[in-house]
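Numbering (the numbering used here), first residue to last: -4 to 315.
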């Protein structure tokens, strides 16, 4: 039998006072302060609302500051776009200040860093040269980087150290902008994790798969030793790598857990313009499912990374 429905009556609805309700947002704890054109960075930082993205960024800053005070690792894992945003001076400051204690990259980071150190410029217009067959065939990049890797192999260096030392020893004109050289000079691990065929230096006749694979594997093992030390307050920052470095991190973490290292109670954060599946699962959620904490910070690197760096330096100064 077909049912007949009528509009429900609201006459007997029960209500309560707004003042008796628990609220997620209130003016005393969460609201932003009004802007002030004469404000210092510290005043600007403390004026941000204590909500959502600003709250998450504060959490990451606090974790980094605590890691620095406890002498725990702060690892920067990054993709090539971060370098193309011109952030080397910002990241170098964090390395030289002893805040970032290890750097992990993909192959594209090394290429952009090498080209910047050599020519003060990088990032060719792919669309303009792809059809002509010229994309990726800059002589200095292909020959220079592959020669540096071959030399590093004979000396027992990893991928990152080989490129960084080549930049220093060949006295590249813009070496002060090199992140890899900065890592070598400050004696912190700089590891490079390569997928063969993804980088333009693999297109050159000097490319040697055995060398590339051996040096990248050595770097993976070195990074695993850093990950083994991440527990009890360390921080892992994934910046602009959607697939490769989240996978590398997960495998390194699996290795050290298998070997009996207890890696728990650390902080992770994924900085990217779009939140992707692998960073969310392999960086933010799965590794911190014990006592750790994971954050997602969405936005442009050229804005969020300088903001992060200034905030960390400011918080460290205020806590002295």
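The beta carbon of each residue, even a glycine, is placed where N, CA and C say it ideally should be.
Item, Value
"Output the boundary residues of the alpha helix (DSSP H) element that contains residue 290.", "Careful: residue 290 lies outside any alpha helix (DSSP H), inside the beta strand (DSSP E) at 288 to 293."
"Output the distance between the C-alpha atoms of residue 253 and residue 211, rounded to the nearest integer angstrom.", "21 Å"
"Under the assumption that residue 229 contacts residue 67 (Cβ atoms under 8 Å), give the Cβ distance between them as a whole number of angstroms.", "4 Å"
"Excluding the five sequence neighbours on either side, which residues of its own chain have a C-beta within less than 6 Å of the C-beta of residue 114, listed in chain order?", "none"
"In the structure shown, what three-state DSSP assignment does residue 111 receive?", "helix"
"Which residues in the same chain as residue 299 place their Cβ atom closer than 7 Å to its Cβ, once the five residues preceding and following it in sequence are excluded?", "266, 292"
"Where do the N-terminal and C-terminal ends of the beta strand (DSSP E) with residue 278 fall, by residue?", "No beta strand (DSSP E) contains residue 278, which DSSP labels as neither H nor E."
"If I measure Cβ to Cβ from residue 320 and keep anything under 7 Å in the same chain, skipping five residues before and after, which residues do I get?", "Lying outside -4 to 315, the shown extent of the chain, residue 320 is not represented and no answer is given."
"Please classify residue 295 as buried or exposed, where buried requires at least 16 neighbouring CB atoms within 10 angstroms.", "exposed"
"Evaluate contact between the segment 226 to 242 and the segment 263 to 281, counting only Cβ atoms and requiring at least three cross-stretch pairs below 8 Å.", "yes"
"For residue 41, name the three-state secondary structure that DSSP assigns.", "helix"
"Mapping DSSP to helix, strand and coil, what is residue 268?", "coil"
"Can you give me the C-alpha to C-alpha distance between residue 133 and residue 191, rounded to a whole angstrom?", "18 Å"
"If we ignore side chains and look at the alpha-carbon of each, how far apart do residue 101 and residue 147 end up?", "18 Å"
"For the pair the segment 73 to 84 and the segment 95 to 111, tell me if three or more CB-CB distances fall below 8 Å.", "yes"
"Applying the criterion that 16 or more other CB atoms from any shown protein chain within 10 Å of the CB defines a buried residue, is residue 12 buried or exposed?", "exposed"
"Reducing DSSP to helix, strand and coil, say where residue 49 ends up.", "helix"
"Between which two residues does the beta strand (DSSP E) containing residue 185 stretch?", "185 to 188"
"Given this structure, state the Cα-to-Cα distance separating residue 5 from residue 248, to the nearest angstrom.", "56 Å"
"Let's test the definition: count the other Cβ atoms within 10 Å of the Cβ of residue 96 and tell me whether it reaches 16, buried, or not, exposed.", "buried"
"Candidates 10, 91, 172: which alpha carbon is nearest residue 69's?", "91"
"State yes or no: is the C-beta of residue 183 within less than 8 Å of the C-beta of residue 98?", "yes"
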